[in-house]
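In order, the protein sequences belong to chains G and X.
Under our numbering, the first residue of the first sequence carries the number 294, and numbering increases by one thereafter.
Under our numbering, the first residue of the second sequence carries the number 7, and numbering increases by one thereafter.
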Amino acid sequence: MKILRAFLFALTIAAGVAYAGSAADSPAPISQPATASAEDLNLRWMMEGEKRYRINCGRCHQPPHKFEPRVMATAVRHMRVRGMLTDDDMKYVLYYMTH
Amino acid sequence: MTRALTRLCFVIAVCIRLTPLGTAQENADLRAAADEAKPIPVLSGGAAFVPTWDSGDLTLVSIVSPVLLVPISRNLIFESRAEFEGDFVRRNGNSGDFTGAVEKSLEYAEFDYIGNRYVTFTAGRFLTPFNIFNERLYPNWIRNTQTDPLIYPIGTGSDNGLMLRGGVSLDPGVTLNYAVYFSALSTINRFESERHAGMRAALFFPRHRLEIGFSEQHILQDARINRLGSYLEWQPARVSLDLRAEGAYSREEGDGLWIEGAYRFRNAKASLLRRAQAVARTQVFHTGTVAGINPDLPTTDTKRTEAGLNYYLNDGWKALASYGKTFTAAGDSNIWTVGMTYRFVIPLGPAQ
């Protein structure tokens, strides 16, 4: 029980440090232009999708290679439930993996 | 001056008005673009052949675990996983041919309805969301160390009931994920379930790739015991390291902790080495106040430390080997594993 208490204490400290670190280095929100070219949007979504793919997919398993688009559309719904992705994570990852 | 201020106010008002519209429009565009690919049914899963020498006794562990994913609509999906496991041992102890039965189990068969960005409704038979090993790391092709953690039997398995779950971004640096569930008692063969109520909640810090969570479970039958759990998962962005740890506590069943590190040599000069991953795990278990209440747990206080190597041949195949030592008051023993795992994905329809 002592080990578990120490573990819980360490988790609490880690959460506090991570949260403080996140707040400190959170970039200011980037204002988006009301209209952006399709190329700009594609680039931005691909970059954001790749970032979220790297952050989220490796939490459970080795990040997979790309599957066929319709397989990926199914897999990402499974990941949404099992890996508890957020709605935005799901959209960006699906866009990245199917384009 | 007044005119300039008026113009400035007008521009600010237009910007305030247009920015959410632009963002909302962009979100709708992203959803539409992402939804261009219509989901199809998929048969996925894994297979493993992992001979294990525990205290000198060889068991040929053979597992096939198919996963069926059937999207019914954009927000409704049915998913199921079965497991066929044969643990074959020598007929006469250390000699003779290998024999054993193949155990069949339905691990989950659930309908998931993505209600909105905050909640997903799950109904059916689901994996108990107590800590993370059971839900996320159990399949052999996923887990870094092949043997189950000593505390794995505490609070895990499958439940029949209802669950609410979801992941919500609290701000760009923090995501909350949660699961709240209730399950009914079932004694039907291969559909066994305890009467439970429980929850798991975690904070995920995407910038640090750190997740910290807590679980609670209350059994609403027989001894009405409580189980508590906590876990940590960290994958630093600059180092190819997976660090995972779980703790579980039940006064009656016992308590314990495991911590595992896995380092992938992604930056090695030799390309062959980049596929290798070194793994180490250490764990401890202490028995509870009621001996034998959970027959899957060790009967004495136990410590175990393991180290091994995984080698990713490609996206589907993984070769593995590990050695570990178990320490108990009754004596120490060695545990070896060596084997292969395979992950497959088969589309059940036109994939393009």
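For glycine and all other residues, C-beta sits at the position ideal for the given N, C-alpha and C.
task: From the DSSP output, in three-state form, read off Thr126 of chain X for me.
output: Here residue 126 of chain X refers to the residue found at position 120 when the second sequence is read from its first residue. Thr126 of chain X falls in the strand class under three-state DSSP.
message: Would you say Ile83 of chain X lies against chain G (beta-carbon separation less than 8 Å)?
response: For the purposes of this step, residue 83 of chain X is taken as residue 77 along the second sequence, with counting starting at 1. True, the Cβ-Cβ gap to chain G drops below 8 Å.
- prompt: Does the beta-carbon distance from Leu315 of chain X to Ala282 of chain X come in below 8 Å?
  reply: On the second sequence, residue 315 of chain X is found 309 positions in, with the first residue counted as 1. On the second sequence, residue 282 of chain X is found 276 positions in, with the first residue counted as 1. With contacts defined by Cβ atoms closer than 8 Å, Leu315 of chain X and Ala282 of chain X form a contacting pair.
query: How big is the Cα-Cα spacing for Ala327 of chain X and Gly345 of chain X?
result: As a first step, residue 327 of chain X must be located in the second sequence, where it is residue number 321. As a first step, residue 345 of chain X must be located in the second sequence, where it is residue number 339. Straight-line Cα distance between these residues: approximately 6 Å.
- request: Report the neighbours of Glu332 of chain G on chain X: residues whose CB is nearer than 9 Å to its CB, in chain order.
  value: Counting from 1 along the first sequence, the entry for residue 332 of chain G is found at position 39. By Cβ distance, chain X contributes nothing, its closest Cβ being about 13 Å from Glu332 of chain G, past 9 Å.
field: Under the three-state DSSP convention, the category Val351 of chain X falls into
entry: Within the second sequence, the letter at position 345 stands for residue 351 of chain X. Strand, per DSSP.
- prompt: For the beta strand (DSSP E) that contains Arg359 of chain X, what are its first and last residues?
  reply: Residue 359 of chain X lies beyond the stretch modelled for chain X, which goes from 7 to 358, so this question has no answer here.
- prompt: By how many angstroms is the C-alpha of Gly330 of chain X removed from the C-alpha of Pro242 of chain X?
  reply: Here residue 242 of chain X is taken as the residue at index 236 of the second sequence, counted from 1. Here residue 330 of chain X is taken as the residue at index 324 of the second sequence, counted from 1. The C-alpha of Gly330 of chain X is placed about 26 Å away from the C-alpha of Pro242 of chain X.
- request: Let me know if Val245 of chain X comes out buried or exposed under the rule of 16 or more other beta-carbons within 10 Å of its beta-carbon.
  value: On the second sequence, residue 245 of chain X is found 239 positions in, with the first residue counted as 1. By the neighbour-count criterion, in which a residue is buried when 16 or more other Cβ atoms sit within 10 angstroms of its Cβ, Val245 of chain X is exposed.
- request: Specify whether the region 72 to 84 of chain X and the region 367 to 387 of chain G touch according to this definition: at least 3 beta carbon pairs, one from each stretch, less than 8 Å apart.
  value: Under the Cβ criterion (8 Å, minimum of three pairs), the region 72 to 84 of chain X counts as touching the region 367 to 387 of chain G.
query: Roughly how many angstroms separate the alpha carbons of Tyr348 of chain X and Leu64 of chain X, rounded to a whole number?
result: Walking along the second sequence from the start, residue 348 of chain X turns up at place 342. Walking along the second sequence from the start, residue 64 of chain X turns up at place 58. Taking the CA atoms as reference points, Tyr348 of chain X sits about 22 Å from Leu64 of chain X.
query: Among G:Cys353, G:Ser330 and G:Arg375, which one has its Cα closest to the Cα of Leu143 of chain X?
result: If you number the second sequence from 1, residue 143 of chain X lands on position 137. The shortest C-alpha to C-alpha distance from Leu143 of chain X to any of G:Cys353, G:Ser330 and G:Arg375 is the one to G:Cys353.
For Ile120 of chain X, the nearest candidate out of G:Met390, G:Met372, G:His392 and G:Tyr388 (CA to CA): Counted from its first residue, the second sequence places residue 120 of chain X at position 114. Measuring from the Cα of Ile120 of chain X, the nearest candidate turns out to be G:Met372.
query: On the premise that Ser256 of chain X lies in contact with Asn232 of chain X, defined as a C-beta separation below 8 Å, what is that separation, rounded to the nearest angstrom?
result: In the second sequence, counting from the first residue as 1, residue 232 of chain X sits at position 226. In the second sequence, counting from the first residue as 1, residue 256 of chain X sits at position 250. At roughly 7 Å, the Cβ-Cβ gap stays under 8 Å, so Asn232 of chain X and Ser256 of chain X are in contact.
message: Closer than 7 Å to a non-hydrogen atom of the ligand ZN - does that hold for the CB of Asn150 of chain X?
response: The ligand ZN is absent from the structure shown, which contains no ligand whatsoever.
query: Using the C-alpha atoms, what's the distance from Ser111 of chain X back to Val97 of chain X?
result: Position 91 of the second sequence, counted from the start, is the residue given in the question as residue 97 of chain X. Position 105 of the second sequence, counted from the start, is the residue given in the question as residue 111 of chain X. Correcting the residue type first, residue 97 of chain X is Arg in the shown sequence and not Val. Pairing Arg97 of chain X with Ser111 of chain X, the inter-Cα distance amounts to about 24 Å.
query: Nearest chain G C-beta to Arg96 of chain X closer than 8 Å, yes or no?
result: Counted from its first residue, the second sequence places residue 96 of chain X at position 90. Contact with chain G is absent for Arg96 of chain X, since none of that chain's Cβ atoms lies less than 8 Å from the residue's Cβ.
task: Spatial neighbours of Ala297 of chain X within its chain, please: CB distance less than 8 Å, with the 5 preceding and 5 following residues excluded, ordered by chain position.
output: In the second sequence, counting from the first residue as 1, residue 297 of chain X sits at position 291. Result list for Ala297 of chain X: Thr305, in chain order.
Anticipated Cβ contact below 8 Å, Met374 of chain G with Asp165 of chain X, distance rounded: For the purposes of this step, residue 374 of chain G is taken as residue 81 along the first sequence, with counting starting at 1. For the purposes of this step, residue 165 of chain X is taken as residue 159 along the second sequence, with counting starting at 1. It should be noted that the sequence gives Val, not Met, for residue 374 of chain G. Your pair Val374 of chain G and Asp165 of chain X does not check out as a contact, with CB atoms roughly 15 Å apart and the cut at 8 Å.
query: Can you find a CB in chain X that lies within less than 8 Å of the CB of Phe302 of chain G?
result: As a first step, residue 302 of chain G is located in the first sequence; it is residue number 9 there, counting from the start. For Phe302 of chain G, the answer is no, since every Cβ of chain X falls outside 8 Å of its Cβ.
- prompt: Which of the three DSSP states, helix, strand or coil, is assigned to Trp338 of chain G?
  reply: Residue mapping note: residue 338 of chain G aligns to position 45 of the first sequence, counting from 1. Secondary structure of Trp338 of chain G (DSSP, three-state): helix.
task: Give the single residue among X:Pro135, X:Glu259 and X:Ile83 whose Cα lies nearest to the Cα of Ala207 of chain X.
output: By one-based count along the second sequence, residue 207 of chain X stands at place 201. Relative to Ala207 of chain X, the option among X:Pro135, X:Glu259 and X:Ile83 whose CA is nearest is X:Pro135.
Per-residue contacts from Glu361 of chain G into chain X (C-beta, under 7 Å): Taking the first residue of the first sequence as 1, we reach residue 361 of chain G at position 68. By Cβ distance, chain X contributes Pro353, Ala357 and Gln358.
Nearest candidate by alpha-carbon position, reference Arg213 of chain X, set G:His392, G:Leu336, G:Asp333 and G:Asn349: In the second sequence, counting from the first residue as 1, residue 213 of chain X sits at position 207. Looking at the Cα atoms, G:Asn349 is the closest of the given residues.
- request: Specify the secondary structure class of Asn183 of chain X as computed by DSSP and reduced to three states.
  value: As a position in the second sequence, residue 183 of chain X is number 177, starting the count at 1. Looking at Asn183 of chain X - three-state DSSP - the assignment turns out to be strand.
field: Cβ pair Ala88 of chain X, Ser68 of chain X closer than 8 Å
entry: Residue 88 of chain X sits at position 82 when you count from the first residue of the second sequence. Residue 68 of chain X sits at position 62 when you count from the first residue of the second sequence. In this structure, Ala88 of chain X sits away from Ser68 of chain X, with a CB-CB distance that is not shorter than 8 Å.
query: For Lys359 of chain G, which residues from the same chain have a beta carbon less than 6 Å from its beta carbon, with the 5 sequence-adjacent residues on both sides left out?
result: Taking the first sequence and counting its residues from 1, the one referred to as residue 359 of chain G is at position 66. Closer than 6 Å at the Cβ level, and outside the excluded window around Lys359 of chain G, lie Met390.
- request: Anything in chain X within Cβ reach of Leu378 of chain G, meaning under 7 Å, just list it in chain order.
  value: Here residue 378 of chain G refers to the residue found at position 85 when the first sequence is read from its first residue. What Leu378 of chain G touches in chain X: Gly173.
message: Closer than 9 Å between beta carbons: that is the criterion. Which residues of the region 125 to 141 of chain X meet it against chain G?
response: Using a CB distance below 9 Å, the part of the region 125 to 141 of chain X facing chain G consists of Thr126, Thr128, Leu133, Ile138 and Glu141, ordered along the chain.
message: Below 7 Å on C-beta distance, what does Leu387 of chain G contact in chain X?
response: Taking the first sequence and counting its residues from 1, the one referred to as residue 387 of chain G is at position 94. Listed by position along chain X, the residues whose Cβ is nearer than 7 Å to that of Leu387 of chain G are Ala40.
- prompt: What residues in the region 298 to 330 of chain X have a beta carbon less than 8 Å from any beta carbon of chain G?
  reply: Residues of the region 298 to 330 of chain X with a Cβ closer than 8 Å to any Cβ of chain G, in chain order: Tyr318 and Asp321.
task: For Pro359 of chain X, count neighbouring Cβ atoms within 10 angstroms of its own Cβ and tell me buried if that reaches 16, exposed if not.
output: Given that chain X is displayed from residue 7 to residue 358, the structure contains no residue 359 of chain X and the question cannot be resolved.
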